[in-house]
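Residue numbers (this note's numbering), protein chains in the order written: chain A, 23 to 198; chain B, 8 to 156.
Using N, Cα and C, we set each Cβ at its ideal position, and we do this for glycine too.
Computed from a predicted structure; not experimentally measured.
These notes concern the structure reproduced below.
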């Protein structure tokens with residue numbers, strides 16, 4: 023009897039390890055969101071350059087709305103992936119990244135971008151209103167918005183360029 | 008009879024106290040009181056175990072600001088909570104919703120209480136019957152025989 027129990031536990035452990043080992047990378051792990059399928063809340067904020075940017079002004083292409091902070095380690099890890107992702111799509115201009123600062127100082131963010139690269143628009147959210155509109159619980163959190171301005175998916179945790187491309191391909195296929 | 012009257016009096020006092028307590032002072036809450044009450048009923052989005060009314064986290068402050076804005080606009084408590092649920096999902100509410108699956112969370116303790124009370128009442132009645140058993144003449148004879156020198 024004890025032998026059979028041990029075999030059962032071992033089988034469950036093997037199945038668990040297999041499941042975890044064959045999971046998709048982080049960027050494809052979309053989380054449920056009450057906003058999915060709804061119009062993306064407008065983001066109208068001041069960029070680090072001082073100019074005002076509206077999310078609606080980016081219609082006609084996909085937009086990855088990325089909530090981040092420089093103090094957040096997964097945000098630091100995903101940054102080079104976002105740089106890679108934006109560079110891949112620079113010529114086609116089919117997707118833009120729009121970053122929203124989550125509970126951080128603009129000065130820190132300026133220094134971070136100067137050191138790590140990345141030239142996508144970064145919008146301040148000093149009162150946390152944009153994060154509330156998107157129901158963000160903590161950085162990094164990203165939302166893929168389609169060219170018509172509807173939220174497709176919410177990604178909780180860090181993203182990677184390949185995973186984002188897979189999501190984009192799925193979204194493009196669903197639209198055609 | 009006296010004991011029954013005492014129980015009735017106790018029940019009456021309890022009912023009156025509940026009625027007075029539930030009514031409060033009768034004046035409608037101010038906007039600030041309403042905002043604070045709603046904030047206490049929702050979770051702080053970025054922290055564990057604290058309501059938006061208690062936390063100083065930036066996200067909690069944003070939730071409080073939004074609640075205040077909506078209260079000032081004249082929205083009902085339910086409408087404000089529904090807005091927050093539309094952003095964060097059901098689990099932003101500290102108390103589960105009183106419909107759907109959430110109803111079970113409210114109903115189960117009440118059902119358990121009623122079942123427990125019924126069980127206790129049944130047990131009391133049974134014990135009372137047991138203590139009400141009188142010795143028969145045969146029992147008395149047996150005892151007398153045993154006590155005889």
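task = Classify residue 185 of chain A as helix, strand or coil using the three-state DSSP reduction.
result = helix
inquiry  = If you measure between the beta carbons of residue 103 of chain B and residue 92 of chain B, is that distance less than 8 Å?
reply    = no
Between the CA atoms of residue 137 of chain B and residue 156 of chain B - distance to the nearest angstrom = 31 Å
query = Would you say residue 59 of chain B faces chain A, with C-beta separation under 8 Å as the test?
reply = no
inquiry  = Distance check for residue 146 of chain A and residue 124 of chain A, CA to CA, integer angstroms please.
reply    = 8 Å
Residue 70 of chain B beta carbon less than 8 Å from that of residue 154 of chain A = yes
task = Just the C-alpha distance for residue 143 of chain B and residue 151 of chain B, rounded to the nearest angstrom, thanks.
result = 12 Å
query = Since residue 13 of chain A is in the alpha helix (DSSP H), which residue starts that stretch and which ends it?
reply = The question about residue 13 of chain A has no answer here: the residues shown for chain A are numbered 23 through 198.
key: Which of helix, strand or coil DSSP assigns to residue 158 of chain B   = Since the first residue shown for chain B is 8 and the last is 156, residue 158 of chain B is missing from the structure and cannot be characterised.
key: Under 8 Å (Cβ pairs) to chain B, residues found in the stretch 136-156 of chain A   = 149, 150, 151, 153, 154, 155, 156
task = Output yes or no for whether 8 Å exceeds the beta carbon distance between residue 152 of chain A and residue 59 of chain A.
result = no
message = Less than 8 Å between the C-beta atoms of residue 117 of chain A and residue 158 of chain A, yes or no?
response = no
ask   = Taking residue 51 of chain B as the reference, which of B:66, B:114, B:123 has the closest Cα?
value = B:66
Cβ contact (3+ pairs, closer than 8 Å) linking the stretch 103-117 of chain A and the stretch 63-78 of chain A = no
Chain A contacts from the stretch 67-93 of chain B (Cβ-Cβ distance under 8 Å) = 68, 69, 70, 72, 73, 92, 93
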